[in-house]
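In the UniProt record's numbering, the protein residues as written are 1 to 609.
Even glycine gets a Cβ: it sits at the ideal position worked out from N, Cα and C.
Written out below as structure tokens is the structure these notes cover.
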Ligand code: GLA
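What follows is the structure in structure tokens.
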């Protein structure tokens, strides 16, 4: 069926009638792919969309992360990389229909599943319920995002054919009034296109997630028959849509890299389509968790921070690579396509390999003046009390440690602490350690000890029961006794301009976390991949832009540094190393998402199905 789509606004309107999707009244199959504009630099939106057009898709789907647009309460930003309207228009201009999923919760392996960290400053707030404190905040978000979405709707001549209510609510709770509220929040603000919900293929999940007036869809990676059967049991008429076809998967630090074979994924696609179903590939192009925006999962009480890359082993790779999976899907989609499928663009140009010695240094301690003013209090302040959503906190106190050997106990540690005593690194404590204690040798000479604890927020949990944490720490004790009298300094290293005023020198002036700086010279901007062999754990900036986190434990080894972030000539690389500084920075021509300490460990091909 190779027909040119008709883009007049009436023809674009998507409805459900007689058990089928209809577009402009005609029976229609949605061939959609997820691409998150917030995980792709805006200069590359067009390139990635062209690749997805060449895959054979007729629709693009994106979440809209509330916390990325309203990082500070009341200050909502839709400009530059956050200009979601521009992204939607670009997709529309290429002939795509668009599905939007504006939350308030999105999951998506995104920090706090898209909820703003500042919500956690409300003690005991019940997230994703009718708790008036939550609803009060959500109302502001819906006011703003509906104003952006309204002119983009198919009913107003735009490309947006459908909007999702909440996200997999059936995996979280059972406040039915809240789901109805989310639906009404859209409709009363003029969102009059097809509403949908999406849930896992389990009766109880549908029961809690579905809402009258929205068409239910189902999420799965395999066992198509069972999933659609479960959907039919609660929505007998159809049409069937898989809103998240998990054809790849994401990675956590310290766990094997995930891949899913092309043939296996293609077979599931064929099942979906040959049975008459519609599909949204999750992901079609995954992109990158730039900055500090990765989320975390939890399993058996253990925190599992998601890596910086969100490649997802998708059809279109993080740097625009077209995998075997791309071509396997394309062969199938050809038979169902609703447009003439174009040829994909060539792989974007890449920089040649080189490396550079890191020659300039400054300690984190020596850089505290570049950040927020410290706050004094009896107990340490948790991140949210400091008005901080992401990054690090520098906690400092001067206790009298009263024995030669003292057990320091940290309460409420989230997530990883570097402890310094009198300027010397005493150890690292991780939230996943069995005990949050450190036995330290002290002087016992009657003078106070300078105690510094630097805590990293590794990303807020984005799924299920772990949602809603306080980051930083709650209290510190020596034995049973509290240590009082703290200064807490919020280090918002993820904010724009965070490292602009660092004063580098020839060597670091004290122990502990340290910034290193070097330059890489390139003839012409192109895609590159930064590796930090010999370094431990930290963060890396290119020309002041925070590319993300690195960690020697892998599996991710290189960080994607896309062409728009480079300049002709000298480029500044800044590294903040928390544990063990290396001496060189490498620029590579190829990505490595499956190495580090996990190199050689079989890749995982396990899926939530
Ligand atoms: C669920 C969520 C998505 C994403 C996937 C896993 O289906 O709805 O946002 O988290 O799991 O990648």
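Whole angstroms are fine: how far does the CA of residue j sit from the CA of residue i?
i: residue 480; j: residue 403; result: 14 Å
i: residue 606; j: residue 222; result: Residue confidence is low: residue 606 scores 47 on pLDDT, short of 50, so the model does not pin down where it sits. Its coordinate-derived value is still stated next. Whole-angstrom Cα-Cα distance: 11 Å.
i: residue 451; j: residue 427; result: 12 Å
i: residue 594; j: residue 540; result: 19 Å
i: residue 302; j: residue 432; result: 6 Å
i: residue 458; j: residue 202; result: 31 Å
i: residue 414; j: residue 274; result: 47 Å
i: residue 533; j: residue 553; result: 11 Å
i: residue 298; j: residue 466; result: 7 Å
i: residue 86; j: residue 57; result: 20 Å
i: residue 372; j: residue 392; result: 11 Å
i: residue 104; j: residue 185; result: 11 Å
i: residue 129; j: residue 323; result: 41 Å
i: residue 191; j: residue 153; result: 8 Å
i: residue 124; j: residue 134; result: 11 Å
i: residue 538; j: residue 308; result: 11 Å
i: residue 4; j: residue 30; result: For residue 4, the predicted model reports a pLDDT of 44, less than 50, meaning its position is unreliable and no value from the coordinates is stated.
i: residue 208; j: residue 175; result: 8 Å
i: residue 513; j: residue 478; result: 24 Å
i: residue 306; j: residue 460; result: 10 Å
i: residue 72; j: residue 493; result: 15 Å
i: residue 19; j: residue 602; result: 44 Å
i: residue 328; j: residue 263; result: 7 Å
i: residue 596; j: residue 338; result: 43 Å
i: residue 163; j: residue 21; result: 14 Å
i: residue 485; j: residue 399; result: 8 Å
i: residue 453; j: residue 362; result: 18 Å
i: residue 215; j: residue 16; result: 8 Å
Can you tell me whether residue i sits near the ligand GLA, meaning its C-beta is under 8 Å from at least one heavy atom of the ligand?
i: residue 106; result: yes
i: residue 168; result: yes
i: residue 109; result: yes
i: residue 142; result: no
i: residue 253; result: no
i: residue 543; result: no
i: residue 463; result: yes
i: residue 198; result: yes
i: residue 249; result: yes
i: residue 327; result: no
i: residue 37; result: no
i: residue 181; result: no
i: residue 293; result: no
i: residue 246; result: yes
i: residue 178; result: no
i: residue 282; result: yes
i: residue 219; result: yes
i: residue 63; result: yes
- Query: Counting Cβ pairs closer than 8 Å, one from the stretch 260 to 270 and one from the stretch 36 to 50, do we hit at least three?
  - Reply: no
- Task: Check whether the stretch 503 to 510 touches the stretch 556 to 564, counting contact only when three or more Cβ pairs, one atom from each stretch, lie closer than 8 Å.
- Result: no
- Query: What runs of the beta strand (DSSP E), each 3 residues or longer, lie entirely inside the UniProt domain "Beta-galactosidase galactose-binding" (513 to 571)?
  - Reply: 514 to 522, 528 to 531, 537 to 542, 545 to 551 and 558 to 561
- Is the number of C-beta pairs between the stretch 48 to 56 and the stretch 306 to 325 that are closer than 8 Å three or more? yes
- Message: Below 8 Å, how does it come out for the stretch 580 to 597 and the stretch 349 to 359: are there three or more Cβ pairs, yes or no?
- Response: yes
- Any chance you could list the beta strand (DSSP E) runs of at least 3 consecutive residues sitting entirely within the UniProt domain "Beta-galactosidase 1-like first all-beta" (380 to 491), in chain order? 392 to 397, 405 to 411, 416 to 421, 424 to 430, 437 to 441, 451 to 456, 475 to 478 and 486 to 491
- Uninterrupted beta strand (DSSP E) stretches inside the stretch 89 to 116 (no shorter than 3 residues): 97 to 101
- Query: Do the stretch 512 to 521 and the stretch 560 to 577 touch if we need at least three Cβ pairs shorter than 8 Å?
  - Reply: yes
- Query: Quick one: any contact between the stretch 101 to 120 and the stretch 59 to 71, if contact means 3 or more CB pairs under 8 Å?
  - Reply: yes
- Task: Scan the stretch 186 to 274 and note each continuous alpha helix (DSSP H) run of 4 residues or more that stays entirely inside, going in chain order.
- Result: 203 to 209, 224 to 234 and 262 to 274
- Item | Entirely enclosed alpha helix (DSSP H) segments - the stretch 314 to 372, minimum 4 residues | 324 to 334
- Message: Contact between the stretch 15 to 35 and the stretch 233 to 250 is defined here as three or more beta-carbon pairs at a separation below 8 Å; is this criterion met?
- Response: yes
- Task: Give, in chain order, every unbroken run of the alpha helix (DSSP H) that is at least 4 residues long and sits entirely within the stretch 111 to 175.
- Result: 132 to 149
- Message: Three or more C-beta pairs under 8 Å: does that hold for the stretch 435 to 446 against the stretch 375 to 395?
- Response: no
- Query: Unbroken beta strand (DSSP E) runs of length 3 or more, entirely within the stretch 58 to 82: which are they?
  - Reply: 59 to 63
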